[in-house]
Amino acid sequence: MVIGAFPRLLDLLPHPGALIAQVPWASPPQLPKPPELQHWLFERPLVAAPVMLAFALIAVVGGRFQGRPRAGLVVGASFAALAALIAALSAIVVTDRERVLSASRDVMEAIRAGDVARAEPFFAESVAFIASGGSFSVEKDWILSTVRLFPDPLQIEAAKIQQRRAAVDGVGLARSQVMVRGGPRGAAGNLSWWLFSWRRAPDGQWRIHSMDLLLLNGKPPESGMADLIRQAAP
């Protein structure tokens, strides 16, 4: 995201069009999956609940065909009740993974719009940038000054946070992967993959503590990328 904000960084950027054409589906390995029960009951109720309702209908129809309509109704009612329970639980229970996915989408929307006020709560006071093994820390103010460069002279053409690309690593610790296409306005966009590391603050707000540039136009970033970003930081 900060790539393109500083002219010296452009020297390290691969030509986007050629590389994207070579590796159109390049992406980092997915993060660990959540427990299946948690995923389907709480995070994907619009899949699980209709399946239960379908089982309910099958039980009722099957009971009639077998000459046991009463038994079919009992089994069908049980599946229907389970579908209602799944829907109710999903409305009440919000998992940490869902919160991190939502925070990832919200912070990217704020950056894309150049909305500093919306972006500010999602960043820790100090954030580590990581690229090709190199790392350094910047203050929140520096990140927010970069947010002000959007949507002009920088732009984010698209940002994608997939359902499966977030993982909870422990109490108050999580990660999410974000795909971003963008760069200087009017120039060909670069495709990058980022890994955000999140921590939950005492007030319940999830905040980014590190941002790891995983891939740039389908390849790991050049070894000098972290050094150039460090030189650009105040």
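Residue numbers (our numbering): 4 to 237.
Beta carbons are placed, not taken as given, at the ideal position from N, Cα and C, and that holds for glycine.
Everything numeric in this text was worked out from a predicted model, so none of it was measured.
Expected contact under 8 Å - CB spacing of L92 and F58 to nearest Å: Along the sequence shown, one-based indexing puts residue 92 at 89. Along the sequence shown, one-based indexing puts residue 58 at 55. In fact, because the Cβ distance is near 18 Å, the residues do not count as touching under 8 Å.
On the criterion of 16 or more Cβ atoms from any shown chain inside 10 Å, does R210 qualify as buried, or is it exposed? Stepping through the sequence shown from its first residue, residue 210 is reached at position 207. With 16 or more Cβ atoms within 10 Å of its Cβ, R210 is classed as buried.
Between which two residues does the beta strand (DSSP E) harbouring E128 extend? The sequence position of residue 128 within the sequence shown is 125, counting from 1. Looking at the DSSP string, the run of the beta strand (DSSP E) that includes E128 is F126 to A134.
I need the straight-line Cα distance from E225 to A204, nearest angstrom please. Within the sequence shown, numbered from 1, the residue matching residue 225 stands at position 222. Within the sequence shown, numbered from 1, the residue matching residue 204 stands at position 201. Whole-angstrom Cα-Cα distance: 33 Å.
At 4 residues or longer, what runs of the alpha helix (DSSP H) sit wholly inside the stretch 75–149? 99–116 and 119–122
Which same chain residues end up closer than 7 Å to D230 when comparing Cβ atoms and leaving out the 5 residues on each side of it in sequence? Here residue 230 refers to the residue found at position 227 of the sequence shown. Counting only Cβ-Cβ distances below 7 Å, and skipping sequence neighbours, we find G137.
If you run the structure through DSSP and keep just helix, strand and coil, what is F58? The residue labelled residue 58 in the question sits at position 55 within the sequence shown. F58: helix per DSSP, three-state reduction.
Mind checking which residues open and close the beta strand (DSSP E) that includes G186? The residue you call residue 186 lines up with position 183 of the sequence shown. It spans L176 to P187 - the beta strand (DSSP E) in which G186 sits, taken as one unbroken run.
With a cut-off of 8 Å, do at least 3 Cβ pairs link the stretch 185–200 to the stretch 211–218? yes
Contact between the stretch 153–162 and the stretch 86–105: three or more CB pairs below 8 Å? no
Have a look at A120, E39, I114 and F126 and flag the residue whose alpha-carbon is nearest the alpha-carbon of R100. As a working note, residue 100 is residue 97 in the sequence shown. The shortest C-alpha separation from R100 is found at E39.
Under three-state DSSP, which class holds F2? Outside the modelled stretch of the chain, which goes from 4 to 237, sits residue 2, for which no answer is possible.
Roughly how many angstroms lie between the CA atoms of P32 and R188, to the nearest whole one? Start at 1 with the first residue of the sequence shown, and residue 32 comes out as number 29. Start at 1 with the first residue of the sequence shown, and residue 188 comes out as number 185. Rounded to the nearest angstrom, the two C-alpha atoms are 30 Å apart.
DSSP three-state assignment for G70, whether helix, strand or coil: In the sequence shown, the residue the question calls residue 70 occupies position 67. Of the three classes helix, strand and coil, the one that applies to G70 here is coil, per DSSP.
Alpha carbon of A51 to alpha carbon of P124, nearest angstrom: Here residue 51 refers to the residue found at position 48 of the sequence shown. Here residue 124 refers to the residue found at position 121 of the sequence shown. In a straight line, the C-alpha of A51 is about 34 Å away from that of P124.
Considering only the beta carbon of each residue, do I133 and A122 sit closer than 7 Å? Here residue 133 is taken as the residue at index 130 of the sequence shown, counted from 1. Here residue 122 is taken as the residue at index 119 of the sequence shown, counted from 1. For I133 and A122, no; Cβs fall outside 7 Å.
To the nearest angstrom, how far is it from the Cα of W43 to the Cα of A74? As a first step, residue 43 is located in the sequence shown; it is residue number 40 there, counting from the start. As a first step, residue 74 is located in the sequence shown; it is residue number 71 there, counting from the start. In a straight line, the C-alpha of W43 is about 28 Å away from that of A74.
Straight-line CA distance for G227 to S140? Along the sequence shown, read from residue 1 onward, the residue named residue 227 stands at position 224. Along the sequence shown, read from residue 1 onward, the residue named residue 140 stands at position 137. Cα to Cα, G227 sits roughly 16 Å from S140.
Among residues of its own chain, excluding the 5 on either side of A131, which ones have a beta-carbon nearer than 6 Å to its beta-carbon? As a first step, residue 131 must be located in the sequence shown, where it is residue number 128. If we look at A131 and ignore the five residues flanking it on each side, its Cβ neighbours are S138, S140 and S213.
Inter-residue Cα distance where the pair is A24 and L34: Mapped onto the sequence shown, residue 24 falls at position 21. Mapped onto the sequence shown, residue 34 falls at position 31. Caution is warranted here: a pLDDT of 41 is assigned to A24, below 50, making its placement in the model unreliable, and no coordinate value can be reported.
Could you check which residue in A106, V171, L147 and A116 has the C-alpha nearest to that of E128? Here residue 128 refers to the residue found at position 125 when the sequence shown is read from its first residue. Of A106, V171, L147 and A116, the residue nearest in Cα terms is L147.
Among V103, I159, L76 and L176, nearest to D118 - alpha-carbon criterion: For the purposes of this step, residue 118 is taken as residue 115 along the sequence shown, with counting starting at 1. Taking only the C-alpha atoms, the option nearest D118 is I159.
DSSP-derived helix/strand/coil call for G244: Residue coverage of the chain in this structure runs from 4 to 237, which leaves residue 244 outside it and unanswerable.
Endpoints, beta strand (DSSP E) assigned at E248: In the structure displayed, the chain extends from 4 to 237; residue 248 sits before or after that span and is not available.
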